[in-house]
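Using my numbering, count along the sequence shown one by one with no gaps and you end on 431.
Take a look at the structure below.
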Amino acid sequence: MAPPDCAEPRWLKAGLDHIWLPYAQMKTAARPLPVVASEGARLTLADGRVLVDGIASWWTACHGYNHPHIAEALREQLARLPHVMFGGLAHEQAYRLATRLAALLPGDLERVFFTESGSVSVEVAMKMAVQYWMNRGVAGRTKILSFRGGYHGDTFATMAVCDPEEGMHAKFAGVFAPQLIGDLPRDGAALAGLRQLVEAHAHELAAILVEPRVQGAGGMVFHEDQVLRDLRQLADDFGLLLIFDEIFTGFGRTGAMFACAEAGVTPDIVTLSKALTGGTLPLAATLARKHVFDAFWGDEADKALMHGPTYMGNALACAAANASLDLFESEPRLAQVARIAALLEEGLAPCRALPGVTDVRVMGAIGVVEMEAMPEPRALQAAFLDRGVWIRPFRNVVYLTPAFVIADGELEQLTGTVAAVLSEALLRA
Ligand SMILES: Cc1ncc(COP(=O)(O)O)c(C=O)c1O
Numbered sequence: 003m004a005p006p007d008c009a010e011p012r013w014l015k016a017g018l019d020h021i022w023l024p025y026a027q028m029k030t031a032a033r034p035l036p037v038v039a040s041e042g043a044r045l046t047l048a049d050g051r052v053l054v055d056g057i058a059s060w061w062t063a064c065h066g067y068n069h070p071h072i073a074e075a076l077r078e079q080l081a082r083l084p085h086v087m088f089g090g091l092a093h094e095q096a097y098r099l100a101t102r103l104a105a106l107l108p109g110d111l112e113r114v115f116f117t118e119s120g121s122v123s124v125e126v127a128m129k130m131a132v133q134y135w136m137n138r139g140v141a142g143r144t145k146i147l148s149f150r151g152g153y154h155g156d157t158f159a160t161m162a163v164c165d166p167e168e169g170m171h172a173k174f175a176g177v178f179a180p181q182l183i184g185d186l187p188r189d190g191a192a193l194a195g196l197r198q199l200v201e202a203h204a205h206e207l208a209a210i211l212v213e214p215r216v217q218g219a220g221g222m223v224f225h226e227d228q229v230l231r232d233l234r235q236l237a238d239d240f241g242l243l244l245i246f247d248e249i250f251t252g253f254g255r256t257g258a259m260f261a262c263a264e265a266g267v268t269p270d271i272v273t274l275s276k277a278l279t280g281g282t283l284p285l286a287a288t289l290a291r292k293h294v295f296d297a298f299w300g301d302e303a304d305k306a307l308m309h310g311p312t313y314m315g316n317a318l319a320c321a322a323a324n325a326s327l328d329l330f331e332s333e334p335r336l337a338q339v340a341r342i343a344a345l346l347e348e349g350l351a352p353c354r355a356l357p358g359v360t361d362v363r364v365m366g367a368i369g370v371v372e373m374e375a376m377p378e379p380r381a382l383q384a385a386f387l388d389r390g391v392w393i394r395p396f397r398n399v400v401y402l403t404p405a406f407v408i409a410d411g412e413l414e415q416l417t418g419t420v421a422a423v424l425s426e427a428l429l430r431a
């Protein structure tokens with residue numbers, strides 16, 4: 003790790019001997035930046051620098067940081083009831099949230115199972131799908147079909163449904179239970195190939211799992227809504243369940259509140275997390291349609307879904323999520339996303355002419371510059387910081403997923419910086 007900066011706070015110096023960082027070779031990783039405050043689309047560092055945040059904390063902080071409405075809801079909930087176990091006890095925030103989510107999602111996606119992270123919500127979706135068949139007395143339908151380029155989490159079951167080579171978990175192949183991986187049917191030929199694959203494996207498949215519209219951590223790769231309609235058709239033709247992982251796309255990120263509704267597809271199961279609490283507390287939800295839930299309903303105890311995380315339905319997190327939904331109702335979030343999309347298009351357009359840039363694409367509040375190869379990441383990161391922005395490139399993409407409340411000037415600072423820094427790096431290379 004780089005030597006300490008003398009302005010570094012003591013807690014960072016001391017804690018670095020004890021913290022294990024995410025996705026990092028600890029020996030060579032850049033030192034994390036100490037953040038002491040956040041507001042709107044800005045982060046304040048310990049040395050007083052203020053950065054415009056281009057990532058919204060892994061796509062969570064859709065209303066910006068420290069939104070007063072969420073803060074107030076949390077204060078009230080903390081004073082009254084921070085948490086109670088979900089087994090045998092109930093509290094208003096979770097029940098209200100479940101009712102609201104069921105009303106927001108299309109069709110009869112009406113049954114909500116709460117967890118605390120995106121990965122676990124996908125695990126629950128997979129478990130629901132497999133047990134759905136068991137409960138209906140159909141043996142052998144235990145596998146999930148997912149897609150190359152996909153990412154669904156880092157836990158053991160979800161590692162198996164990520165891209166097998168690029169999904170960060172390749173070395174675990176052979177350790178976890180193998181699943182079926184196909185190519186997203188982006189054209190007629192791919193759809194025909196996928197149909198053949200499904201036909202050959204239908205007897206062992208429980209469900210098809212996909213990130214609708216955008217494969218996020220797999221490289222911010224977009225696809226048409228027709229892909230989702232084709233997957234619905236394929237699932238119906240072979241009697242499979244269809245699971246949409248809307249952990250990244252849910253709550254406005256692609257320009258619509260939910261990708262599934264916009265695509266006109268009602269999946270059988272949906273997972274939500276990330277922006278669910280407006281970027282304040284960990285919470286996730288797995289929503290199931292009535293016919294999925296019905297397979298668990300009955301007098302037999304062993305038909306129950308045996309799952310129940312300790313912090314399931316945490317009252318503080320649910321209060322934050324309810325407050326976040328209030329904001330989607332009371333503030334013009336989707337209009338803000340449309341404006342962000344236009345500014346991203348305009349601001350990132352100059353990158354198209356740069357040598358080594360293979361694509362510039364925008365969907366809702368997601369702007370992506372894809373390159374043949376990433377220029378030296380450390381130098382890139384340093385250049386971004388010098389210009390007062392927080393952007394975290396990965397693989398071969400530099401991307402922006404700002405808070406929806408970001409001011410035009412802040413967004414222009416982000417896009418202008420991306421264009422300037424990439425221009426320097428790519429023209430120099
Ligand atoms: C589409 C998708 N699914 C699942 C996950 C995993 O969520 P978590 O990191 O909360 O476990 C992510 C996280 O980036 C994601 O983007």
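Yeah, the Cβ is synthetic: ideal placement off N, Cα and C, and Gly gets one too.
Check                                                                                                                                                                        : Outcome
Classify V420 as helix, strand or coil using the three-state DSSP reduction.                                                                                                 : helix
Tell me the rounded alpha-carbon separation between G390 and T417.                                                                                                           : 12 Å
Could you give the distance in angstroms between the alpha-carbon of M259 and the alpha-carbon of V229?                                                                      : 19 Å
Return the chain-ordered list of same chain residues with a C-beta closer than 7 Å to the C-beta of A297, the five sequence neighbours on each side being excluded.          : Y134, N137 and R138
When you compare only the Cα positions, how much space is there between G281 and R77?                                                                                        : 16 Å
On the three-state DSSP scale, how would you describe M365?                                                                                                                  : strand
With distances taken Cα to Cα, identify the nearest neighbour of A321 among V140, V399, R102 and V126.                                                                       : R102
Does the count of Cβ pairs from the stretch 61 to 70 and the stretch 35 to 44 closer than 8 Å reach three?                                                                   : yes
Relative to the alpha-carbon of G184, which residue among H171, E206 and I210 has its alpha-carbon at the smallest distance?                                                 : I210
Do G310 and G89 have their C-beta atoms closer together than 7 Å?                                                                                                            : yes
Can you have a look at F250 and say buried or exposed, based on whether 16 or more other CB atoms are within 10 angstroms of its CB?                                         : buried
Can you pull every residue whose C-beta falls closer than 6 Å to some heavy atom of ligand 3, listed in chain order?                                                         : Ligand 3 is absent from the structure shown, which contains only ligand 1.
Excluding the five sequence neighbours on either side, which residues of its own chain have a C-beta within less than 7 Å of the C-beta of R2, listed in chain order?        : Coverage of the chain is limited to positions 3 through 431, which leaves residue 2 absent and any answer about it impossible.
Can you tell me the Cα-Cα spacing of A337 and H205, whole angstroms?                                                                                                         : 45 Å
Which residues in the same chain as F406 place their Cβ atom closer than 8 Å to its Cβ, once the five residues preceding and following it in sequence are excluded?          : C64, H65, G66, G254, R335, Q338, V339, I342 and A367
Within 8 Å, do at least three Cβ pairs link the stretch 40 to 58 to the stretch 392 to 400?                                                                                  : yes
Alpha carbon to alpha carbon, how far is V364 from P180?                                                                                                                     : 34 Å
Who are the near neighbours of D49 in its chain, counting only those whose CB is closer than 7 Å to its CB and skipping five residues on each side?                          : A9
Pull up the DSSP beta-bridge partners for F224, would you.                                                                                                                   : V216
What's the gap between the Cα of H93 and the Cα of V86?                                                                                                                      : 8 Å
If you measure from the beta carbon of F260 to each beta carbon in chain C, is any gap under 7 Å?                                                                            : Protein chains in the displayed structure number just one, and chain C is not present.
Give me, in chain order, the residues of the same chain whose beta-carbon lies closer than 7 Å to that of T157; leave out the 5 immediate sequence neighbours on both sides. : S121, V122 and E125
My output table needs one value for I72: the three-state DSSP class, helix, strand or coil.                                                                                  : helix
What residues match up with V38 in a beta bridge as DSSP calls it?                                                                                                           : Per DSSP, none; premise fails for V38.
Quick check: the Cα distance between L402 and R51, rounded to an integer number of angstroms?                                                                                : 20 Å
Starting from the N-terminal side, write out each stretch of the alpha helix (DSSP H) that is 4 residues or longer and does not extend beyond the stretch 277 to 330.        : 292 to 296
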